[in-house]
Amino acid sequence: MTDTRDDYLSEHIRDQLIHDSRVNEQDLSVDVRERTVTLGGNVSTPHLRESISEVAAELLPDYEIINETRVVSSSEPDGEETVR
Amino acid sequence: MIRVAAVADVHFGTESHGVLRPKLEHLGDRADLLLIGGDLTRCGGPAEAQVLADELRGLPVPVVAVLGNHDYEANREAEVRGRLEAAGVRVLEGESVTLEVNGLRVGIAGTKGFGGGFRGAHGSDFGEPEMKAFIEHTKRLADRLGQALARLDADLRIALLHYSPIEETLVGERLEIYPFLGSYLLAEAIDSAGADLVLHGHAHRGREKGQTPGGIPVRNVAQPVIGHAYNVYTLEEHSNKSASPVGIGDAARRR
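Heads up: the protein sequence lines correspond to chains A and B, in order. Numbered by numbering that gives the first Met the number 0, the letters in the first sequence go through residues 0 to 83 in order. Numbered by numbering that gives the first Met the number 0, the letters in the second sequence go through residues 0 to 254 in order.
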């Protein structure tokens, strides 16, 4: 069963990730259940993905951090679209 | 015909050297211009903008951009703009530029845009000063976008934004945050002035394709949505959309 304090904690973590200069990312989801934090969303670089884990671990040193964020693909496009 | 390469939300940090440039190697073969729809940087630092400027310098096609909300975070947006412009990127805010491409005049009007929401659920400039400031900002930017589009003397016209003018390209985002993702006032301004294509970003979990109520194609080119360094859209001269009638006194009411 989820502790109701986890609801507030997840939003506090999300807010910290938005404002920490190592992250500054608004598009992250944070789910806290018991002693586990699961992070999701899209990030622009592998370095940023690592920074998210680092900041979360600093904030919640006694929690397990599961970083499910995904580095956005920036490959060249496959084709083009004719817009009418 | 012109080929428009477009992307938004590249969110460059100081460690982003080499993230984009290698993927732009064939840009000159695939497109005639590159448009970038805001959130160029992660937190609006000039050093971040410099990294992106270095990646964009010397490209074989013109580059035009607008800023996004992230580019305002450090309150140094003028410096962000300056770094990009020094590298040859044209940055628009309530302004326009006309480029000669393949014998066609391509006009681009740009703004960051702002939020407020959509039909039936839009915020009002009523009540607290903070709420008035929120909605008045959107109205001001939408008005300036409409005026910039209307003034363009071009064969093809493109509106470049960060925030979305329609709900359709937001599908996938949580409904609760729609008012922070865009405003119908932007679509109304575009439909009033007419355009051939609208590009925006900001909605990372949205979807790519939609259209304004007036039938103008809208593409959400946020990088997490398109999953590429850029997408390419081809436009024919005859596709030019003229202005659409809008509601009674809408433009006048905003002024």
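Using N, Cα and C, we set each Cβ at its ideal position, and we do this for glycine too.
Please list, in chain order, the chain A residues whose beta carbon lies closer than 8 Å to that of residue i.
i, result
"N230/B", "P76, E79, E80"
"P61/B", "None at all; the shortest Cβ gap to chain A is about 18 Å."
"L103/B", "Per Cβ cutoff of 8 Å: no residues; L103/B is ~15 Å from chain A at best."
Does residue i come within less than 8 Å of chain A when only Cβ atoms are used?
i, result
"L234/B", "yes"
"G248/B", "With a pLDDT of 45 at G248/B, under the threshold of 50, the predicted position of this residue should be treated as unreliable, though the coordinate-derived value follows. Judged by the 8 Å Cβ criterion, G248/B is not in contact with chain A."
"K22/B", "yes"
"R41/B", "yes"
"R75/B", "no"
"R2/B", "yes"
"V18/B", "yes"
"H203/B", "yes"
"H265/B", "Chain B is shown only over 0 to 254; residue 265/B falls outside these bounds and no answer can be derived."
"V100/B", "no"
"E72/B", "yes"
"H121/B", "no"
"V217/B", "no"
"H25/B", "yes"
"Q49/B", "no"
"V9/B", "yes"
Terminal residues of the continuous beta strand (DSSP E) containing residue i?
i, result
"P128/B", "Here P128/B belongs to no beta strand (DSSP E); instead the alpha helix (DSSP H) covers 128-150."
"Y232/B", "230-234"
"P216/B", "216-219"
"D30/A", "27-32"
"R29/B", "It is not in any beta strand (DSSP E) - R29/B instead sits in the alpha helix (DSSP H) that spans 26-29."
"V3/B", "1-6"
"G36/B", "32-36"
"K208/B", "208-210"
Can you give the beta carbon distance from residue i to residue j, rounded, assuming they're within the 8 Å contact cut?
i, j, result
"Y229/B", "V6/B", "4 Å"
"G27/B", "V60/B", "6 Å"
"I1/B", "L160/B", "With a Cβ gap of about 19 Å, I1/B and L160/B do not count as contacting."
"V170/B", "G109/B", "So it is not a contact: roughly 24 Å between Cβ atoms."
"H281/B", "A221/B", "Residue 281/B lies beyond the range of chain B shown here (0 to 254); nothing can be said about it."
"V22/A", "L8/A", "Contact doesn't hold; Cβ gap of about 17 Å is too wide."
"G36/B", "H199/B", "5 Å"
List, in order along the chain, the chain B residues whose C-beta lies closer than 8 Å to that of residue i?
i, result
"V71/A", "Q222, P223, G226"
Can you tell me where the alpha helix (DSSP H) holding residue i begins and where it ends?
i, result
"L38/A", "L38/A -> not in any alpha helix (DSSP H); beta strand (DSSP E) instead, spanning 35-42."
"A52/B", "45-55"
"H46/A", "45-58"
"E99/B", "Unbroken run through E99/B is the beta strand (DSSP E), 94-100; no alpha helix (DSSP H)."
"S191/B", "183-192"
"A77/B", "76-85"
"V224/B", "222-225"
Regarding residue i and the ligand ATP, is the C-beta to nearest heavy atom distance less than 7 Å?
i, result
"D190/B", "This structure simply doesn't include the ligand ATP, nor any ligand for that matter."
Is it buried or exposed, residue i, if we count other Cβ atoms within 10 angstroms and call 16 or more buried?
i, result
"F125/B", "exposed"
"R254/B", "For R254/B, the predicted structure reports a pLDDT of 38, less than 50, and the residue's modelled location is therefore unreliable. A value from the coordinates is still provided. Flag for R254/B reads exposed."
"P216/B", "buried"
"I65/A", "exposed"
"P128/B", "exposed"
"D152/B", "exposed"
"L174/B", "exposed"
"Y232/B", "buried"
"D26/A", "buried"
"I12/A", "buried"
"D6/A", "exposed"
"K138/B", "buried"
"S15/B", "buried"
"D70/B", "buried"
"D31/B", "buried"
"D77/A", "exposed"
"R252/B", "In this prediction, R252/B has a pLDDT of 42, which is less than 50 and means its spatial position is unreliable; what the coordinates show is noted afterwards. Exposed, by the Cβ-count rule."
"P45/A", "exposed"
"N101/B", "exposed"
"S20/A", "exposed"
Under 9 Å Cβ-Cβ, which residues of chain A neighbour residue i?
i, result
"G54/B", "With the sequence shown as reference, residue 54/B is identified as Glu, and Gly is not the correct amino acid for it. The premise fails here: E54/B is roughly 11 Å from chain A at the closest Cβ pair, so nothing lies under 9 Å."
"L83/B", "Correct list: empty, because the minimum Cβ distance to chain A is about 17 Å."
"L196/B", "V82"
"V88/B", "Result: empty, since nearest Cβ-Cβ is about 18 Å, beyond 9 Å."
Quick one: which chain D residues come within Cβ less than 8 Å of residue i?
i, result
"H46/A", "Within the model displayed, chain D is absent; protein chains A and B are what it includes."
Quick one: does residue i have its CB under 8 Å from some CB of chain B?
i, result
"D26/A", "yes"
"S43/A", "yes"
"M0/A", "Because the pLDDT at M0/A is just 48, under 50, the model does not fix this residue reliably, and the value given afterwards should be weighed accordingly. No - not a single Cβ of chain B is within 8 Å of the one on M0/A."
"N66/A", "no"
Starting from the beta carbon of residue i, find every residue of chain B whose beta carbon is closer than 7 Å, and list them in chain order.
i, result
"S20/A", "C42"
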